[in-house]
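Worksheet: one structure, shown below.
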Amino acid sequence: MPFLTTLTTPAPYHLLSYGTLLGTTFFQSFIGGTTAFRVLPRHAFSTLQSNIFPIYFGMQTVLPVAMALTYPDAAGRGIAGLFEADTRWSALVPTLTMLVTGAANWVVVGPATTGVMKERKHQETRDGKKSYDPGPHSPEMQKLNKKFMRLHGVSSLLNLSGLLAMIWYGIALSERLRI
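Residue numbers (this note's numbering): 68 to 246.
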């Protein structure tokens, strides 16, 4: 049975890993996150995102590893095929970009952003004013808001870079799938 034989090769697992990564990233970036921001009260949105992002960034880190481990190439080289000269720019660079951007958000930027959110919450209590209320704000809140915006910007840039790498890889993958 060809179907059962296919299940013993890395190709379907590679494609499922890639599809899950691209779909999750696209959905969270453009649909789930923006809809939640629009419809939820600010505190609920914050709570939701601070609980979703570790899982999301973890997936953005683990799935490129799964893709690398299941890399299907015509020569049967597997993960070693990523390091060949003919696949370096079409497979290795985008896969590493996905991995590094996801890991940076998961391990460094995401936790730092969540930490600043908690600091802002404490500062709101001290100031008697929300971080997003119209100014003027205390000097401490101004610093925290600036730090939050910087971290959020870095996280968004990493996320966008990872998404562009996913698209780049998808185009390269589609070239290999042409009949």
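Built from N, CA and C at the ideal position, the CB exists for glycine as well.
From a predicted model like this one, the values you see are computed outputs, not experimental measurements.
Limits of the unbroken alpha helix (DSSP H) element including residue i
| i | result |
| --- | --- |
| F94 | 78-94 |
| P121 | 109-136 |
| R105 | 100-106 |
Rounded straight-line distance, which links the Cα of residue j to that of residue i
| i | j | result |
| --- | --- | --- |
| L83 | R243 | 16 Å |
| H204 | S228 | 33 Å |
| V132 | G182 | 27 Å |
| Q127 | Q209 | 32 Å |
| T87 | G99 | 15 Å |
| A147 | L159 | 10 Å |
| E207 | L130 | 39 Å |
| S157 | Y236 | 6 Å |
| T92 | P201 | 32 Å |
| L74 | Y138 | 14 Å |
| S134 | L89 | The residue you asked about is not Ser; residue 134 is Met in the sequence shown. Roughly 12 Å separates the two Cα atoms. |
| A111 | A141 | 49 Å |
| L163 | Y80 | 18 Å |
| S223 | R217 | 10 Å |
| A239 | L225 | 21 Å |
| A171 | A78 | 27 Å |
Buried versus exposed call for residue i [16 or more other C-beta atoms within 10 Å across all chains shown]
| i | result |
| --- | --- |
| G177 | buried |
| P161 | buried |
| G169 | buried |
| R245 | exposed |
| S241 | exposed |
| F97 | exposed |
| F124 | buried |
| Y85 | buried |
| R187 | buried |
(request) Let me know the alpha helix (DSSP H) ranges lying completely inside the stretch 142-225, each 4 residues or longer, listed in chain order. (result) 160-170, 177-194
(message) I want to know whether the stretch 150-167 touches the stretch 106-118 - three or more CB-CB distances under 8 Å.
(response) no
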